[in-house]
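S.K.: Under the working numbering, think of the first position of the sequence shown as 5, with each following residue one higher.
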Amino acid sequence: MVIRHFLMNFVKFFSKYINKLMRNFKYLSVIFIIILWSCSTVPKNERSNINVKPKAWNDELKTLNISASVTSKYHDENNSGYCRLILAGTDSLLLKITGPFEILVGRLFADKDYFIFYDAINNQLFKGKPTAKNLKRATMVPLSFDEFIRLLRCETPTNPEEFTIDETYKNNDGVLFKNSSNNDYIEYALYSSENNNLMRYQRKLRTGKLILDLVYKDYESIDGFNLSKYLIFNFPEIDTKVDMQVTNLDVNKDIKKPLSFTLPDGIKVYEIE
Numbered sequence: 005m006v007i008r009h010f011l012m013n014f015v016k017f018f019s020k021y022i023n024k025l026m027r028n029f030k031y032l033s034v035i036f037i038i039i040l041w042s043c044s045t046v047p048k049n050e051r052s053n054i055n056v057k058p059k060a061w062n063d064e065l066k067t068l069n070i071s072a073s074v075t076s077k078y079h080d081e082n083n084s085g086y087c088r089l090i091l092a093g094t095d096s097l098l099l100k101i102t103g104p105f106e107i108l109v110g111r112l113f114a115d116k117d118y119f120i121f122y123d124a125i126n127n128q129l130f131k132g133k134p135t136a137k138n139l140k141r142a143t144m145v146p147l148s149f150d151e152f153i154r155l156l157r158c159e160t161p162t163n164p165e166e167f168t169i170d171e172t173y174k175n176n177d178g179v180l181f182k183n184s185s186n187n188d189y190i191e192y193a194l195y196s197s198e199n200n201n202l203m204r205y206q207r208k209l210r211t212g213k214l215i216l217d218l219v220y221k222d223y224e225s226i227d228g229f230n231l232s233k234y235l236i237f238n239f240p241e242i243d244t245k246v247d248m249q250v251t252n253l254d255v256n257k258d259i260k261k262p263l264s265f266t267l268p269d270g271i272k273v274y275e276i277e
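Printed below as a string of structure tokens:
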């Protein structure tokens, strides 16, 4: 009887021990699976971002011929029209803007040293150095010639090599880089994790105030060049927004040089220093 009683107690104890061990093993298995999943997930994200970096300026992009519909908002005033842009590398550009019924609104020629803007509505001409300040006064777009032409090419206005990764950016929509070399503002460039396309470019004052926000959408590969066909310019400081929906885009086609346009007689001329 004593032996039988001992064996029964031993069996009960051993059964409880086995059940407890199995429960612990179950929990340990779940934890082990989670750990393995975590370890396998993190490197995957890292690998997807490892080749993302600011794109180098592309010297192979010789010419761009752009046709686009344009909508603009300045304070409470809304306008729509069309534009034709011809870019000769990064050396010069020619812009024609028309409104409804192809009424001429304005023409712009600019290179690295000089610009002329014909305001057809008011029959007046502005000319001077193509700085952001001067072009803002003439066209209400506060970008210099160099900045404007680089952004149209889906490139950063300043040297891509000056951008470094922003480790504070935690969103999963891309990899953010910033350039703090300018004394007045900081540049931000967001690149896609999938294809390294420039998705967004921002400029903020040192105080944190946003002064430029440019969104790139609808990228298309044209003759080996990835270019955006929908650009949204936003200048919060002057309450101005410009949407440009590209309808036709020709790359590295022959263009008529020199880029120029004729002016009517009797126009007012303003030279901007």
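The C-beta atom is built at its ideal place from N, Cα and C for all residues, glycine as well.
Compare the Cα-Cα distances from G228 to each of K66, P58, K57 and V56 and report the closest residue.
M.R.: Among K66, P58, K57 and V56, the Cα nearest to that of G228 belongs to K66.
S.K.: Does the beta-carbon distance from V250 to K272 come in below 8 Å?
M.R.: The answer is no: Cβ separation not under 8 Å.
S.K.: Taking the DSSP output, what are the residues bridged to C89?
M.R.: Checking the sequence, you will find Leu at residue 89 rather than Cys. In the DSSP output, where bridge partners are listed per residue, L89 has I70 and L99.
S.K.: Quick one: measure Cβ to Cβ for P104 and F119, integer angstroms, because I've assumed they're closer than 8 Å.
M.R.: Between F119 and P104 the Cβ distance is about 26 Å, and since that is not below 8 Å, they are no contact.
S.K.: Sort out for me which residues DSSP pairs S232 with in a bridge.
M.R.: Answer by DSSP bridge pairing, in chain order: Y223.
S.K.: Counting Cβ pairs, one atom from each stretch, are 3 or more of them under 8 Å apart for the stretch 259-270 and the stretch 81-96?
M.R.: Yes: at least three Cβ pairs fall under 8 Å.
S.K.: Along the chain, where does the beta strand (DSSP E) containing L156 start, and where does it finish?
M.R.: Taken as a continuous stretch (DSSP letters only), L156 belongs to no beta strand (DSSP E), being part of the alpha helix (DSSP H) at F149 to L156.
S.K.: Short of 8 Å in beta carbon distance, which residues of its chain neighbour I276, apart from the five on each side in sequence? Order them along the chain.
M.R.: The answer, listed in chain order, is F130, K131, G132, K133, N138, R141 and A142.
S.K.: Short check: CB of R279 to CB of L216, under 8 Å?
M.R.: No answer is possible for residue 279: it lies beyond the span of the chain, which begins at 5 and ends at 277.
S.K.: Counting contacts by CB-CB distance shorter than 8 Å, is F167 in contact with chain D?
M.R.: You won't find chain D in this structure, because it holds only one protein chain.
S.K.: If contacts are defined as beta-carbon pairs under 8 Å, then P58 and F181 qualify, I think. What distance do you get, rounded to the angstrom?
M.R.: P58 to F181, Cβ: 5 Å. Contact.
S.K.: Go through its chain and collect everything with a Cβ distance to L218's Cβ below 8 Å, but skip five positions before and after it.
M.R.: Excluding residues within five positions, the ones whose Cβ falls inside 8 Å are L155, R204, Y205, Q206, L235, I236, F237 and N238.
S.K.: Considering only their Cβ atoms, is the gap separating N176 from N355 smaller than 8 Å?
M.R.: Residue 355 falls outside the range modelled here, since the chain spans only 5 to 277, and no answer is possible.
S.K.: Out of G85, A124, K245 and N256, point me to the one whose CA is closest to T266's CA.
M.R.: Ranking the options by Cα distance to T266, first place goes to A124.
S.K.: Taking only the alpha-carbon atoms, compute the straight-line gap between N230 and G212 and give it to the nearest angstrom.
M.R.: Their backbone Cα atoms lie some 31 Å apart in a straight line.
S.K.: Measuring CB to CB, does I243 end up less than 8 Å from L209?
M.R.: The residue you asked about is not Ile; residue 243 is Asp in the sequence shown. Not closer than 8 Å, so no.
S.K.: Let me confirm a value: Y168 is counted as buried when at least 16 other C-beta atoms fall within 10 Å, else exposed. Which label applies?
M.R.: Before going further, note that residue 168 is Thr rather than Tyr in the sequence given. The residue in question, T168, is exposed, as its Cβ has fewer than 16 Cβ neighbours within 10 Å.
S.K.: Once DSSP output is grouped into helix, strand and coil, what is the label at F14?
M.R.: The pLDDT assigned to F14 is 44, lower than 50, so where the model puts this residue is not dependable, and the model offers no usable value.
S.K.: For I22, does the count of other Cβ atoms within 10 angstroms reach 16, so buried, or fall short, so exposed?
M.R.: A caution first: I22 carries a pLDDT of 44, below 50, which makes its placement in the model unreliable, though a value can still be read off. With fewer than 16 Cβ atoms within 10 Å of its Cβ, I22 is classed as exposed.
S.K.: When burial is assigned at 16 or more other CB atoms within 10 Å of the CB, is T160 buried or exposed?
M.R.: It counts as buried.
S.K.: Using only CA atoms, which one of M248, E165, G178 and E64 lies nearest to S76?
M.R.: For the residues M248, E165, G178 and E64, the minimum Cα distance to S76 belongs to M248.
S.K.: Is the separation between the beta-carbon of K221 and that of N69 shorter than 8 Å?
M.R.: No, these two residues do not count as a Cβ contact at 8 Å.
S.K.: Look at the Cβ atom of L253, then the Cβ atom of I226, and state whether they are nearer than 8 Å.
M.R.: Against a cut-off of 8 Å, the Cβ pair of I226 and L253 comes out as a contact.
S.K.: On the DSSP bridge list, what partners appear for T244?
M.R.: According to DSSP, T244 bridges with Y78 and F239.
S.K.: Can you round the beta-carbon distance between N183 and E191 to whole angstroms, since I take them to be within the 8 Å contact cut?
M.R.: About 4 Å; that satisfies the 8 Å criterion.
S.K.: Do S96 and A114 count as a contact pair if the criterion is CB distance below 8 Å?
M.R.: Yes, Cβ-Cβ distance for A114 and S96 is below 8 Å.
S.K.: From L98 to S196, what does the alpha carbon distance come to, in whole angstroms?
M.R.: Roughly 30 Å between the two C-alpha positions.
S.K.: Less than 8 Å separating the beta-carbons of M144 and Y223?
M.R.: The answer is no: Cβ separation not under 8 Å.
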